[in-house]
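In the working numbering, the protein residues as written are 427 to 576.
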Amino acid sequence: MIRGVRYLHIPRGVKAVPIPQTARTTPEIKKYVEATGSPKPSPAVKSQYVKSMMPETVDAAALDDTQEPVWYSIERTRAGNLPVYTDYNNAGGVWTEIRKISGNVSALRNDIKKQLDLPKKDIWIQDASKRIIIKGNHSQAVKQLLGTAF
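Right, dumping it as structure tokens:
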């Protein structure tokens with residue numbers, strides 16, 4: 427095996443292709459390697475570049491200013507309707523489902539929960555499909571809410 431190169435599991439009859447390992451290097455490490463020829467820096471050099479990556483102080487006001495505004499959008503269907511559906515199952519359960527959400531799904535869930543005064547256990551997110559599920563038949567209220575900007 428070539429030093430510094432990993433091989434994946436390759437089936438028989440297929441030539442192996444080396445995958446180089448990438449290393450995170452900083453300018454301080456490059457200078458050290460060029461000066462000494464040793465790839466491992468001494469603890470003093472290592473602590474120096476670790477300290478240079480960490481900020482000395484953190485200002486709470488600066489963190490609030492740098493946060494991006496929360497956004498989300500709901501794409502309408504081909505017919506121009508809102509993608510809000512009611513789902514019924516055989517046991518008599520009713521759910522309202524909101525589909526075609528892009529952006530911050532949890533912010534939309536929190537806004538809907540606040541506007542409709544729903545308990546937290548009655549509204550949840552399906553992460554894989556980016557859908558919001560609400561327990562109960564709330565489709566008309568959700569359509570009215572999403573039809574207006576809030």
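In this text, a Cβ means the ideal position worked out from N, Cα and C, and glycines have one as well. Owing to the predicted nature of the structure, the values given are computational and were not obtained by experimental measurement.
What are the residues that DSSP puts in a beta bridge with residue i?
| i | result |
| --- | --- |
| Lys577 | Outside the shown range of the chain (427 to 576) lies residue 577, about which nothing can therefore be said. |
| Trp550 | Ile559 |
| Ser499 | Ser528 |
Just the Cα atoms here: how many angstroms apart are residue i and residue j?
| i | j | result |
| --- | --- | --- |
| Val510 | Lys457 | 59 Å |
| Ala426 | Asn530 | The displayed coordinates of the chain run from 427 to 576. Any statement about residue 426 would go beyond what the structure contains. |
| Leu534 | Asn563 | 18 Å |
| Lys546 | Arg557 | 16 Å |
| Asp537 | Trp497 | 11 Å |
| Ile549 | Val520 | 13 Å |
| Gly573 | Leu508 | 8 Å |
| Tyr514 | Gln552 | 17 Å |
| Ile559 | Pro453 | 50 Å |
Is it buried or exposed for residue i, if we count other Cβ within 10 angstroms and need 16 for buried?
| i | result |
| --- | --- |
| Thr522 | buried |
| Val568 | buried |
| Ser532 | exposed |
| Ser499 | exposed |
| Ser528 | exposed |
Between residue i and residue j, which are expected to be in contact by the criterion C-beta below 8 Å, what is the C-beta distance as a whole number of angstroms?
| i | j | result |
| --- | --- | --- |
| Thr503 | Ser565 | Not confirmed; about 14 Å, so no contact. |
Whole runs of the beta strand (DSSP E) within the segment 507-545, excluding any shorter than 3 residues:
Every unbroken stretch of the beta strand (DSSP E) spanning 3 or more residues and falling wholly within the segment 507-545 is given here in chain order: 510-514, 520-524, 527-529.
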